[in-house]
Amino acid sequence: MNLPQPILIDVPFINKLFVEESDWFMKKFFYHINIESYSHLQVVKPNCTTHSNVILLEKENMKHLYALKNITNDYDGWDFIRQVKKYLNKDDYTFKVRGQKLMDGFKSTDPDCRYDYPIEKSKLLRAYFHKKKPKPKPEPTYTFEVFVESNVLRTDSYLVSAKSEAEAKSLVESGLLEPDDTRYPDSELEIKYGVIKNVDTGKTLSWEK
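Under my numbering, the letters of the sequence shown match residues 286 to 494, in that order.
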């Protein structure tokens, strides 16, 4: 089973300086989990004996998308929310808080309460964890050692940065990388033979005309 990325990371659970605060926080967190849609798993952080990570697992028939519910909209509730943000895995998730139950005197038919309950008018809060879209990984750039022989009886060697052997060859053949040859100022440079070697992988590409 491939587990998802943890929602919370680096939560202390043995360190005596933090055990009381951590114990209070974890009890609150597990109490507020929306068990209709999620189950939880607390695992020891890899290569560590004092901290843990918390993973939420989506149930097959999720009834609601929110992960935490019935958080009181008061000092204690927001203190709990601050703790969630403190341990949040910010590399992989965002955390959003929304209203859940309106305070007395407000109705769901009010214009600003029809689709989403404003936090300032809510007695209880719920919270969502949204997984971030993975950022596209940039293609690696390699360094190539180039050796060419041209039609002006000259051999050159230099370094080229490119993403592939083919791109390096294209740059070499474009002539943009070649310095002006003062010995033959009126000659059009034509490469007769070339070798490209990937400095990082050792892979080579050679060609001749």
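Heads up, the beta-carbon is just placed ideally off N, CA and C, and yes, glycines get one too.
Inter-stretch contact at 8 Å, needing at least 3 Cβ pairs: the region 346–364 / the region 399–415: Below 8 Å, enough C-beta pairs join the region 346–364 and the region 399–415 to call them touching: three or more.
Cβ shell of residue 467 (< 7 Å), same chain only, five flanking positions each side left out: Because residue 467 carries a pLDDT of 47, less than 50, the predicted location of this residue cannot be relied on, and the following value inherits that uncertainty. A distance below 7 Å between beta-carbons, with the five flanking residues on each side excluded, links residue 467 to no residue of its chain.
At least three beta-carbon pairs within less than 8 Å, the region 418–428 to the region 383–395: Result no; under three Cβ-Cβ pairs closer than 8 Å.
Reduced DSSP secondary structure (H/G/I, E/B, other) of residue 432: Residue state, collapsed to three classes: strand.
Neighbourhood of residue 433 by C-beta, 6 Å cutoff - its chain only, sequence neighbours within 5 removed: For residue 433, where only same-chain residues beyond five positions count, the Cβ hits under 6 Å are 441, 476, 479.
Whole-number beta carbon distance between residue 293 and residue 328, since they are thought to touch under 8 Å: In this structure residue 328 is not in contact with residue 293, their Cβ atoms being roughly 11 Å apart against a cut-off of 8 Å.
Proximity to residue 330 [Cα-Cα], best of 291, 357, 356: When only C-alpha atoms are compared, the closest one is 291.
Assigned secondary structure, residue 368 (DSSP; H/G/I helix, E/B strand, else coil): Correct three-state label for residue 368: helix.
Unbroken alpha helix (DSSP H) run spanning residue 453, endpoints: For residue 453, the uninterrupted alpha helix (DSSP H) segment begins and ends at 450–459.
Presumed contact (8 Å Cβ cut-off) between residue 355 and residue 415, rounded CB distance: With a Cβ gap of about 20 Å, residue 355 and residue 415 do not count as contacting.
Inter-residue spacing [alpha-carbon to alpha-carbon] between residue 443 and residue 430: Spanning the two alpha carbons is a distance of roughly 6 Å.
Nearest neighbour of residue 489, chosen from 454, 458, 459 [CA to CA]: The residue with the shortest Cα to Cα distance from residue 489 is 454.
Under the three-state DSSP convention, the category residue 408 falls into: Of the three classes helix, strand and coil, the one that applies to residue 408 here is strand, per DSSP.
Option in 458, 386, 485 with minimal Cα separation from residue 448: Of the candidates 458, 386, 485, the residue whose Cα lies closest to the Cα of residue 448 is 485.
Residue 404 beta carbon less than 8 Å from that of residue 332: With a cutoff of 8 Å on beta-carbon distance, residue 332 and residue 404 are scored as not near each other.
Host beta strand (DSSP E) of residue 374 (start-end): No beta strand (DSSP E) holds residue 374; DSSP gives it neither H nor E.
As assigned by DSSP and simplified to three states, the class of residue 349: Coil.
Collapsed DSSP secondary structure at residue 414 in the structure displayed: The three-state reading of DSSP puts residue 414 in strand, counting E and B together.
Outcome for residue 374 when other beta-carbon atoms lying within 10 angstroms are tallied against a minimum of 16: When all chains shown are included, residue 374 counts as buried.
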